[in-house]
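Read the structure below first, then the notes.
Following this line, the structure appears as structure tokens:
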């Protein structure tokens, strides 16, 4: 079930032109912007790879359903869907921030009063589908997990990676981080 690195990049190329939910960018633009923000922040190759691949589950869900785009009317649990396909390819330093990036949004809504206001309408909508804002207890449990801090940083890049027409390096630029982050 594990994908190869070429299969991952082929999936991004094949499915990446689909709309990123209700945002004004496509899936690949979003992934590249997210990875670019992580790179600009000086993140490790693992966190840059996680930033590039964090929404791969949306592409896998659409492919499995035989649709052009993922269904924005329900939570597809994309943060979990990609993990079995990536588990033999990448270590936990890549996989765990991907798994935790949805909960990082729930955490940030609990701990940062300005965060909720900064979310796009589409991200607010998906937050409700994903369980809503964490309680104080849930937030504390979340932050006690390994890679939670990386997931919070990834989440912040994720939220900023929705700029139509933003110039970013292409997928070949980020393939080196995927290679560096492999097991």
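Numbering (our numbering), first residue to last: 2 to 184.
We put the beta carbon where it would ideally sit given N, CA and C, even for glycine.
DSSP places residue 44 in no alpha helix (DSSP H); its state is neither H nor E. Across the set 44, 86 and 176, the C-alpha of 86 shows the shortest separation from the C-alpha of residue 58. Excluding five sequence positions before and after residue 12, the CB atoms of its chain that fall closer than 6 Å to its own CB belong to 60, given in chain order. In the structure shown, the three-state DSSP call for residue 27 is strand. Rounded to whole angstroms, the separation of the alpha carbons of residue 39 and residue 129 is 26 Å.
Going by C-alpha positions, residue 174 is about 29 Å away from residue 119. Collapsing the DSSP output to three states places residue 91 in coil. Ranked by how close their Cα comes to the Cα of residue 30, the residues 45, 14 and 41 have 14 in first place. The Cβ atoms of residue 49 and residue 80 do not sit closer than 8 Å to each other. Counting only the Cα atoms, residue 35 lies some 10 Å from residue 154. Between the segment 134 to 151 and the segment 94 to 112 there are three or more inter-stretch CB-CB distances shorter than 8 Å, so the stretches are counted as touching. If only complete runs of 4 or more residues are kept, the segment 110 to 156 shows the alpha helix (DSSP H) at 114 to 119, 122 to 130 and 137 to 144, in order along the chain. Separation of the CB atoms of residue 162 and residue 46 is rounded to 18 Å, and the pair is thereby denied contact status at 8 Å. Take residue 117, set aside five residues on each side of it, and the residues of its chain with a beta-carbon closer than 7 Å to its own are 110, in chain order.
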